[in-house]
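As structure tokens, the structure follows; a few thoughts come after it.
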Amino acid sequence: MTAKLFLGSIIIVVGIYTTPVVADYGLLTLLPSFFGEMSKMNWQGQFNLDFFMFLLMSGLWIAWRNKFSPAGLGLGIGGIFLGAPYLSAYLLYLGQHHGWDLNKVFSQDI
Numbered sequence: 004m005t006a007k008l009f010l011g012s013i014i015i016v017v018g019i020y021t022t023p024v025v026a027d028y029g030l031l032t033l034l035p036s037f038f039g040e041m042s043k044m045n046w047q048g049q050f051n052l053d054f055f056m057f058l059l060m061s062g063l064w065i066a067w068r069n070k071f072s073p074a075g076l077g078l079g080i081g082g083i084f085l086g087a088p089y090l091s092a093y094l095l096y097l098g099q100h101h102g103w104d105l106n107k108v109f110s111q112d113i
């Protein structure tokens, strides 16, 4: 129950925060702003780089878990671009599908 609450909270909190940001700034400013800070070699850029590495690990893990199949690669790209809410939804799905057996949730044997 705790994992479900935590993962569900991530989806809700990030969704609530993201909605007005997208309404005010749109989606087209995201990538130039995100990568632009990295090119400035400042703390915000360092944070963005660190965060981007987590997004890459998330996407690669999702693709690996799905044996780098075409569907797995598509799911992995979703993990990179859609972040924590996407990974949370994916983990909620896997948890439910595997009866919250974490060995099955985190294994490549699907």
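Position in the sequence shown counted from 1, then plus 3, gives you the numbering used here. The beta-carbon is built from N, C-alpha and C at its ideal position, and this holds for glycine as well. Predicted model only: the values in this text are computed from it and were never measured.
Among the options, nearest to residue i - alpha-carbon criterion
i	options	result
G82	Y96, H100, G62, T5	G62
L10	L90, L58, F54	L90
F84	F54, F109, G102	F54
I19	K43, P88, E40	P88
Limits of the alpha helix (DSSP H) - the one that residue i falls within
i	result
N51	46-68
F84	73-100
Whole-angstrom distance between residue j and residue i, CA atom to CA atom
i	j	result
M60	W67	10 Å
V17	L95	16 Å
T21	L31	14 Å
N2	L33	This structure leaves residue 2 out entirely; the chain is present only between 4 and 113.
(Q) Taking contact to mean 3 or more Cβ pairs, one atom from each stretch, closer than 8 Å, check whether the stretch 45-53 and the stretch 70-87 are in contact. (A) With the rule of 3 Cβ pairs closer than 8 Å, the stretch 45-53 does not count as touching the stretch 70-87.
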